[in-house]
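Residue numbers (numbering that gives the first Met the number 0), protein chains in the order written: chain W, 0 to 310; chain C, 0 to 477; chain U, 0 to 297. Ideal placement from N, C-alpha and C gives every residue a C-beta, glycine not left out. Predicted model only: the values in this text are computed from it and were never measured. One structure below.
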Amino acid sequence: MSITLERDLRGFLHGLPGVDRVGAEARAAMLASRSIKTTAKQWALDLAISMIDLTTLEGQDTPGKVRALCAKGKQPDPADPTAPRVAAICVYSDLARIAKQELDGTNIKVASVATSFPSGRAALDVKLADVRYAVAEGADEVDMVIDRGAFLAGNYQLVYDEIVAVKEACARAGEQSAHLKVILETGELVTYDNVRRASWLAMLAGADFIKTSTGKVSPAATLPVTMIMLEAVRDFRDAHGRLIGVKPAGGIRTAKDAIRYLVLVNESAGEDWLDPDWFRLGASSLLNDLLMQRTRMKTGHYEGPDYFTLD
Amino acid sequence: MPKFDYAPAPESRSVLSLQESYGLFIDGKFTDTVDGRTFKTISPATEEVLAEVTEAGPADVDRAVGAARKAYEQTWSTMAGKDRSKYLFRIARIIQERARELAVLESLDNGKPIRESRDTDIPLVAAHFFYHAGWADKLEFAGYGPSPRPLGVAGQVVPWNFPMLMLAWKIAPALACGNTVVLKPAETTPLTALMFAEICQQADLPPGVVNIVTGAGQTGRSLVEHPGIDKVAFTGSTEVGKQIARACAVSHKKNTLELGGKAANIVFEDAPIDQAVEGIVNGIFFNQGHVCCAGSRLLVQESVYDEVLASLRRRLTTLRLGDPLDKNTDVGAINSAAQLAKIRELSDVGEAEGAERWSPPCELPVRGFWFPPTIFTGVSQAHRIAREEIFGPVLSVLTFRTPAEAVEKANNTPYGLSAGVWTEKGSLILWMASRLRAGVVWANTFNRFDPASPFGGYKESGYGREGGRHGLEAYLDA
Amino acid sequence: MPKDSANPARVADTARVAVRKTYKLYIGGAFPRSESGRSYVVTDSRGGFLANAALGSRKDARDAVSAARKAFPGWSGATAYNRGQVLYRVAELMEGRRAQFTAEIRAAEGISAAKAEAFVDAAIDRWVWYAGWSDKIAQVRGSSNPVAGPYFNFSLPEPTGVVAVLAPRGPLLGLVSVVAPAIVTGNTVVVVASERYPLPAVTLSEVLATSDVPGGVVNVLTGKVAEIAPWLASHMDVNAIDLAGAPSDELRDELAVAATDNLKRVVSHAPSDWLATPTLDRMLAYLETKTVWHPAAM
Numbered sequence: 000m001s002i003t004l005e006r007d008l009r010g011f012l013h014g015l016p017g018v019d020r021v022g023a024e025a026r027a028a029m030l031a032s033r034s035i036k037t038t039a040k041q042w043a044l045d046l047a048i049s050m051i052d053l054t055t056l057e058g059q060d061t062p063g064k065v066r067a068l069c070a071k072g073k074q075p076d077p078a079d080p081t082a083p084r085v086a087a088i089c090v091y092s093d094l095a096r097i098a099k100q101e102l103d104g105t106n107i108k109v110a111s112v113a114t115s116f117p118s119g120r121a122a123l124d125v126k127l128a129d130v131r132y133a134v135a136e137g138a139d140e141v142d143m144v145i146d147r148g149a150f151l152a153g154n155y156q157l158v159y160d161e162i163v164a165v166k167e168a169c170a171r172a173g174e175q176s177a178h179l180k181v182i183l184e185t186g187e188l189v190t191y192d193n194v195r196r197a198s199w200l201a202m203l204a205g206a207d208f209i210k211t212s213t214g215k216v217s218p219a220a221t222l223p224v225t226m227i228m229l230e231a232v233r234d235f236r237d238a239h240g241r242l243i244g245v246k247p248a249g250g251i252r253t254a255k256d257a258i259r260y261l262v263l264v265n266e267s268a269g270e271d272w273l274d275p276d277w278f279r280l281g282a283s284s285l286l287n288d289l290l291m292q293r294t295r296m297k298t299g300h301y302e303g304p305d306y307f308t309l310d
Numbered sequence: 000m001p002k003f004d005y006a007p008a009p010e011s012r013s014v015l016s017l018q019e020s021y022g023l024f025i026d027g028k029f030t031d032t033v034d035g036r037t038f039k040t041i042s043p044a045t046e047e048v049l050a051e052v053t054e055a056g057p058a059d060v061d062r063a064v065g066a067a068r069k070a071y072e073q074t075w076s077t078m079a080g081k082d083r084s085k086y087l088f089r090i091a092r093i094i095q096e097r098a099r100e101l102a103v104l105e106s107l108d109n110g111k112p113i114r115e116s117r118d119t120d121i122p123l124v125a126a127h128f129f130y131h132a133g134w135a136d137k138l139e140f141a142g143y144g145p146s147p148r149p150l151g152v153a154g155q156v157v158p159w160n161f162p163m164l165m166l167a168w169k170i171a172p173a174l175a176c177g178n179t180v181v182l183k184p185a186e187t188t189p190l191t192a193l194m195f196a197e198i199c200q201q202a203d204l205p206p207g208v209v210n211i212v213t214g215a216g217q218t219g220r221s222l223v224e225h226p227g228i229d230k231v232a233f234t235g236s237t238e239v240g241k242q243i244a245r246a247c248a249v250s251h252k253k254n255t256l257e258l259g260g261k262a263a264n265i266v267f268e269d270a271p272i273d274q275a276v277e278g279i280v281n282g283i284f285f286n287q288g289h290v291c292c293a294g295s296r297l298l299v300q301e302s303v304y305d306e307v308l309a310s311l312r313r314r315l316t317t318l319r320l321g322d323p324l325d326k327n328t329d330v331g332a333i334n335s336a337a338q339l340a341k342i343r344e345l346s347d348v349g350e351a352e353g354a355e356r357w358s359p360p361c362e363l364p365v366r367g368f369w370f371p372p373t374i375f376t377g378v379s380q381a382h383r384i385a386r387e388e389i390f391g392p393v394l395s396v397l398t399f400r401t402p403a404e405a406v407e408k409a410n411n412t413p414y415g416l417s418a419g420v421w422t423e424k425g426s427l428i429l430w431m432a433s434r435l436r437a438g439v440v441w442a443n444t445f446n447r448f449d450p451a452s453p454f455g456g457y458k459e460s461g462y463g464r465e466g467g468r469h470g471l472e473a474y475l476d477a
Numbered sequence: 000m001p002k003d004s005a006n007p008a009r010v011a012d013t014a015r016v017a018v019r020k021t022y023k024l025y026i027g028g029a030f031p032r033s034e035s036g037r038s039y040v041v042t043d044s045r046g047g048f049l050a051n052a053a054l055g056s057r058k059d060a061r062d063a064v065s066a067a068r069k070a071f072p073g074w075s076g077a078t079a080y081n082r083g084q085v086l087y088r089v090a091e092l093m094e095g096r097r098a099q100f101t102a103e104i105r106a107a108e109g110i111s112a113a114k115a116e117a118f119v120d121a122a123i124d125r126w127v128w129y130a131g132w133s134d135k136i137a138q139v140r141g142s143s144n145p146v147a148g149p150y151f152n153f154s155l156p157e158p159t160g161v162v163a164v165l166a167p168r169g170p171l172l173g174l175v176s177v178v179a180p181a182i183v184t185g186n187t188v189v190v191v192a193s194e195r196y197p198l199p200a201v202t203l204s205e206v207l208a209t210s211d212v213p214g215g216v217v218n219v220l221t222g223k224v225a226e227i228a229p230w231l232a233s234h235m236d237v238n239a240i241d242l243a244g245a246p247s248d249e250l251r252d253e254l255a256v257a258a259t260d261n262l263k264r265v266v267s268h269a270p271s272d273w274l275a276t277p278t279l280d281r282m283l284a285y286l287e288t289k290t291v292w293h294p295a296a297m
């Protein structure tokens with residue numbers, strides 16, 4: 000489906016079924032009460048680790064910090080080589096090249112934020128230049144932010160066109176394009192109706208993934224917001240026959256949280272999304288908690304943080 | 000084999016200390032029967048015998064009513080409201096303290112998922128006692144005159160679908176208003192009521208204020224027809240409700256009845272579809288559909304029929320049926336062999352009448368009483384499954400074209416307990432709410448309960464309200 | 000005035016040949032004779048002939064219930080303000096017929112003019128009293144309920160539906176006191192007039208017909224209570240029944256039992272003094288409480 004007329008786009012987005020917040024939150028809370036034990040928990044912990052976009056997005060980031068993060072991503076638990084690797088390392092575009100070098104020879108992806116992350120407040124040319132730079136520096140995946148101001152002002156066409164342009168900028172001559180993750184910054188969209196509309200807008204414009212948050216705005220990822228986005232990719236597949244990935248990011252810190260997200264994926268979008276290709280967890284400190292739980296499952300006793308590496 | 004196969008996560012039974020056999024709770028003590036006999040109560044999920052309980056005979060009922068009368072006259076009706084209040088607060092607190100035990104026992108004896116007994120039933124039970132505790136010393140402000148009086152001894156008969164919650168709905172307002180009670184739990188689910196008797200003991204509730212007589216229909220009849228009863232409160236089937244109404248018409252006893260239903264859950268084209276689907280599922284598969292206000296008739300606007308049905312079917316495939324004590328179970332066991340037979344019979348009738356039957360792929364345990372979540376499409380108002388209360392996890396799907404048609408179909412039943420409306424259009428909600436002939440209208444939600452919210456039916460769903468200020472009326476000589 | 004002026008049928012005999020009234024049923028806003036073609040003699044307090052009243056049949060009762068059911072959506076859907084004005088209008092029109100009602104009651108019961116006037120005045124005032132309740136009862140009996148969750152929850156009283164009423168013997172005040180509380184909240188009524196004193200009920204019908212009460216909201220049957228009442232008590236499209244006018248305790252119990260077939264709301268008590276200010280009982284008996292839930296969120 001190609002939507003070119005602004006009127007059609009607006010009509011389509013406003014024609015999506017509404018979301019009743021209380022009902023949606025009750026459903027997410029119910030799923031959060033699932034009790035994942037023993038073998039299921041072991042499986043889920045490993046899957047969660049393999050879905051992590053291990054992230055550092057700070058002003059104080061350095062090549063050294065990124066190298067350490069890459070080392071952690073490649074070998075999360077030095078004491079246990081069976082611990083899976085993470086899905087990707089997520090950095091600013093100027094450090095993408097470092098990450099690419101460090102991860103050479105692994106299947107861990109380099110994800111780079113772009114488009115004047117996190118606010119997205121810059122001229123389109125500047126944003127596109129940011130994207131092209133990230134791709135040139137070796138980013139396999141580009142995490143862009145939408146123009147929330149335009150979205151909230153109802154300029155859906157502008158948001159749409161920008162995503163299309165960024166998607167084009169992800170192209171790499173003779174190679175596969177960088178995958179495009181579109182950050183909705185749901186904490187600024189506020190309502191679930193907006194989250195649903197923005198999800199569809201991004202998917203229609205060509206997003207490979209839709210992502211909740213930059214991590215710089217509170218609230219970041221929540222279970223209900225992620226559920227709304229999972230419902231959107233589920234419905235998008237029904238309508239268009241292809242899968243779009245989902246990435247909650249920010250605020251996911253414990254193994255318990257991560258497993259709740261997996262339950263949510265399983266029971267809303269469905270098990271096809273239980274795969275690092277289609278679901279990611281944008282996080283940093285989460286990894287060590289998953290590793291601690293993983294070891295606790297093996298040893299039968301509770302772990303201490305000093306036994307896990309801080310990178 | 001699903002990718003993410005949730006391992007069993009059973010709630011531990013070790014919190015329970017069940018006795019092998021239970022007597023009747025009369026005058027503050029567990030006593031043996033005088034003229035009754037014993038029967039076994041089983042877990043409907045496994046058919047395992049849980050305990051032996053007593054079927055009270057007429058003499059037992061007479062003793063219980065006598066104890067209640069004595070307690071009414073000598074202690075409870077003369078006690079200051081603030082002291083009655085404190086006893087009820089105590090009971091509420093002990094219920095909270097023993098919530099896990101109660102939840103496990105309820106799931107064991109009833110077959111309902113532990114998630115529901117833990118997260119819905121038992122918290123609501125405690126909330127009910129809390130709410131009514133606060134009324135006990137404020138009755139003169141309730142709008143029933145300057146000094147409303149209790150009625151006396153209440154005979155209360157509760158069903159098996161929410162054994163402990165229905166007990167709370169009955170006992171909490173009765174006691175708050177100064178009545179004493181003789182309560183008969185359902186024969187298949189007596190255990191939490193007996194545990195409640197222990198709670199009354201722990202609370203030092205004066206003897207005879209609460210009496211629990213276990214038994215079946217005959218015990219209930221002895222209680223309802225006992226001349227020492229001043230008020231009858233019943234929750235159960237419309238059929239038995241009418242018998243009780245008849246008996247009370249002759250004996251001039253005050254009575255309140257909360258009976259069956261065949262609620263319409265109405266989904267408009269502009270509904271929040273995902274939440275509506277949750278509401279449909281919650282409306283009919285909550286508690287295996289053993290809910291008098293269950294949304295057993297789904298009315299879908301034709302323009303979104305395909306979308307809603309596809310969504311509903313997909314959602315049903317995620318329902319987890321099995322061990323009620325497993326924390327991940329969504330659909331538990333049917334409460335009894337008799338109820339299972341009734342559900343099967345009506346479902347077969349639905350098929351024979353030409354409706355299309357569908358259930359998600361679902362493995363049923365070998366032992367125990369089980370029925371898969373089932374939906375019937377192509378149902379019309381003329382089908383028996385659209386008219387009769389099935390009281391099981393069976394949904395009949397009908398369609399409509401206009402709001403007026405939805406109202407007409409929704410109201411086209413002798414029942415009038417509840418209804419659901421799903422639309423994002425506020426004016427339509429209010430228009431529908433004012434036209435649906437039902438005691439509870441859930442708009443963009445379903446099966447919500449609260450002690451402050453009056454609940455009860457129109458037409459053959461009974462009369463009287465439970466909960467809220469309105470619910471006090473049933474226990475006051477207003 | 001001639002000595003027997005209390006008898007409206009004879010009032011003008013000495014002056015001219017009076018034009019007498021035919022006392023008919025009042026169903027669906029029309030004044031039919033009984034479909035059975037029957038009538039019965041109504042006498043005054045001394046046994047003298049007053050009139051032939053229609054002897055209503057079970058089919059008349061059936062037709063009256065149909066008319067009441069048909070009128071229910073419109074009447075219950077009218078605004079409370081409107082219903083209040085309509086009831087007040089009934090009082091206005093009765094006031095204009097005060098003399099006629101007084102004469103009819105005197106003739107029927109053989110009571111003094113002062114006593115009859117007191118009953119008529121009380122009956123008129125009762126309409127006024129109930130008229131004022133139409134837009135207040137929901138505020139007195141409704142509530143906003145503070146549930147423990149993100150929901151707006153409120154309860155409102157709503158009319159039960161079709162109410163069958165066996166009017167008590169008090170020919171006018173008793174009748175008004177059992178009809179007004181049912182209709183003020185939006186119910187529609189089939190009333191069986193006092194068997195002994197039916198004539199004021201028929202005259203009241205004429206008032207209702209010329210006031211703004213829509214046809215079918217009040218339907219008045221005259222005849223034998225014991226004959227008609229069982230059909231109303233067992234009628235599956237009647238939602239409530241007032242047994243105040245049951246001729247015997249035995250029949251009252253029988254009717255109460257029959258009423259359980261569809262779980263009618265039953266009122267069987269009557270105040271010891273119809274002149275006293277009513278309680279809310281009769282209004283509340285024909286009100287259902289409806290509770291509505293809606294989520295509250297952005």
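Just so you know, the alpha carbons of serine 283/W and serine 417/C end up roughly 49 Å apart.
Threonine 298/W is classed as exposed because its beta carbon has fewer than 16 other beta carbons within 10 Å across all chains shown. At least 9 Å separates the CB of histidine 127/C from every CB of chain U.
With a threshold of 16 other beta carbon atoms within 10 Å, glycine 349/C meets it and is buried. Less than 9 Å separates the beta-carbon of phenylalanine 454/C from that of threonine 290/U. For arginine 99/C, no Cβ of chain W is located within less than 9 Å of the residue's own Cβ. The C-beta distance from alanine 268/W to leucine 229/W rounds to 4 Å, short enough to meet the 8 Å contact threshold. For the C-beta of aspartate 252/U, the chain C residues within less than 7 Å are, from N- to C-terminus, Ala248 and Val249. If you check the CB distance, phenylalanine 153/U and serine 142/U come in under 9 Å.
Thr213/W is the residue among Glu140/W, Lys73/W, Thr213/W and Val163/W whose C-alpha sits nearest the C-alpha of alanine 248/W. For chain W, none of the residues of the stretch 120-138 of chain U brings a beta carbon within less than 9 Å of one of its beta carbons.
Put simply, of Leu23/C, Ala67/C and Arg343/C the residue whose alpha carbon is nearest the alpha carbon of threonine 179/C is Ala67/C.
Chain U places no beta carbon closer than 9 Å to that of glycine 186/W, leaving this residue out of the contacts.
The alpha-carbon separation between glutamate 72/C and alanine 25/W amounts to approximately 47 Å. Under the three-state reduction of DSSP output, tryptophan 272/W falls in the helix class.
Close to alanine 442/C, with beta-carbon spacing below 7 Å, are these residues of chain U in chain order: Val291, Trp292 and His293. Burial of glycine 240/C is indicated by the presence of at least 16 other C-beta atoms within 10 angstroms of its C-beta. Within the stretch 38-53 of chain C, contact with chain W at the beta-carbon level (separation under 7 Å) is assigned to no residue. Close to chain C, meaning a Cβ-Cβ distance shorter than 9 Å, is no residue of the stretch 223-234 of chain U at all.
Annotation for alanine 201/W: the continuous alpha helix (DSSP H) segment containing it runs 191-204. The Cβ atoms of glutamate 352/C and isoleucine 384/C lie closer than 9 Å to each other.
Of all residues in the stretch 62-88 of chain U, only Pro72 and Gly76 come within less than 9 Å of chain C when Cβ atoms are compared, listed by chain position.
Non-local C-beta neighbours of isoleucine 107/W in its own chain, meaning closer than 8 Å and more than five positions away in sequence, comprise Cys69, Gly72, Lys73, Arg84, Val85, Ala86, Ala87 and Ile88, ordered along the chain.
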